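The structure appears below as structure tokens.
Residue numbers (the working numbering): 2 to 134.
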């Protein structure tokens, strides 16, 4: 499998988010894709994600995630990835997901899961903070 086009799709997705370019970002996202954000309530199907992006980017505000590492695997018209990211406010994050290659030959993100990474030694404190009223 040629991983280059998958890397290019993910890089273009992140670059479009940094520019608050909704058209370019959504061109890399499958119509029926799902985006899972860092908050437990953030599960956006394709239509909900498009609405979120339109609202967020309308004011010219996107988000910038710098990729520090990425692994891509795949078979046929399906690829999966995980990547380490850095965000100025949130710090280290991890993105993972699945891309599918359409009949037009283009890769699109079918699922993207953005997660906050927590060192195991600090998990009890995070768990307590989540449980607090």
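Using N, Cα and C, we set each Cβ at its ideal position, and we do this for glycine too.
This one's a predicted model, so the numbers in the text were calculated from it and none came from an experiment.
Open item on the list: Let me make sure I understand the geometry here. Which of 86, 76, 2 has the alpha-carbon closest to that of residue 114?
Closed with: When the alpha-carbon of residue 114 is set against those of 86, 76, 2, the nearest one is in 86.
Task: Terminal residues of the beta strand (DSSP E) in which residue 93 lies - done: Unbroken beta strand (DSSP E) run through residue 93: 92-102.
TODO: Evaluate the contact criterion for the stretch 23-33 versus the stretch 49-64: three or more CB pairs, one atom per stretch, below 8 Å.
DONE: Taking 8 Å as the limit for Cβ pairs, the verdict is that the stretch 49-64 does touch the stretch 23-33.
- [ ] Classify residue 34 as helix, strand or coil using the three-state DSSP reduction.
- [x] Residue state, collapsed to three classes: strand.
Open item on the list: Only counting the same chain, and skipping five residues up and downstream in sequence, which positions put a Cβ closer than 7 Å to that of residue 32?
Closed with: Beyond the five residues adjoining it in sequence on each side, residue 32 comes within less than 7 Å, by CB distance, of 47 in the same chain, given in chain order.
Open item on the list: I need the DSSP call for residue 89, collapsed to helix, strand or coil.
Closed with: The answer is coil: DSSP assigns residue 89 none of H, G, I, E or B.
Task: Length at least 4, wholly inside the stretch 3-79: the alpha helix (DSSP H) runs in chain order - done: Within the stretch 3-79, the complete alpha helix (DSSP H) runs of at least 4 residues are 5-20, 23-27, 47-59.
TODO: Assign residue 7 to buried or exposed, taking buried as 16 or more other Cβ atoms, counted over all protein chains shown, within 10 Å of its Cβ.
DONE: A residue is called buried when at least 16 other Cβ atoms come within 10 angstroms of its Cβ; residue 7 meets this threshold and is buried.
- [ ] Return the CA-CA distance between residue 108 and residue 120, expressed in angstroms with no decimal places.
- [x] Their Cα atoms are separated by approximately 32 Å.
Task: Neighbourhood of residue 15 by C-beta, 6 Å cutoff - its chain only, sequence neighbours within 5 removed - done: Leaving aside the five residues that flank residue 15 on each side, the residues in its chain whose CB is nearer than 6 Å to its CB run, in chain order, 66.
Open item on the list: Rounded to whole angstroms, what is the Cα-Cα separation between residue 59 and residue 21?
Closed with: Rounded to the nearest angstrom, the two C-alpha atoms are 8 Å apart.
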